[in-house]
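Numbering (this note's numbering), first residue to last: 46 to 149. Here's the structure we're looking at; comments come further down.
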């Protein structure tokens, strides 16, 4: 079908900037309820990178990418689309800690 576009489910944690301009999880300590799903949409801007990358939701929330899962095209409407990928990432040590928490 010509109107199909690549889809993927993105698992992420909402982040906020502290007074120093560094990103940190909005909720601490993190719980399983703090990990949410978004999907790549037809009008998503930017390039998907690796876990630790930041992206914006359609509601302008800043989210750190934790994991990427395959998503069938016909299942895409069950998940909210995200807005755009940012070129920024959190420090590797912070990303590793959040990803480790998610996988355990």
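Each residue gets a CB set at the ideal place from its N, CA and C atoms; glycine is no exception.
Straight-line Cα distance separating residue 70 from residue 90: As a first step, residue 90 is located in the chain shown; it is residue number 45 there, counting from the start. As a first step, residue 70 is located in the chain shown; it is residue number 25 there, counting from the start. Cα-Cα distance, rounded: 23 Å.
Any beta strand (DSSP E) of 3 or more consecutive residues that is wholly inside the region 85-135: 98-102, 107-115 and 127-134
Residue 120 versus residue 60 - alpha carbon distance: Taking the chain shown and counting its residues from 1, one reaches residue 120 at position 75. Taking the chain shown and counting its residues from 1, one reaches residue 60 at position 15. The alpha-carbon atoms of residue 120 and residue 60 are separated by roughly 27 Å.
Proximity winner among 110, 66 and 81, relative to residue 130 (alpha-carbon distances): As a first step, residue 130 must be located in the chain shown, where it is residue number 85. When only C-alpha atoms are compared, the closest one is 110.
Nonlocal neighbours in the same chain, by C-beta distance under 8 Å from residue 80, ignoring five residues either side: As a working mapping, residue 80 is identified with position 35 in the chain shown. 56, 57, 58, 111 and 147.
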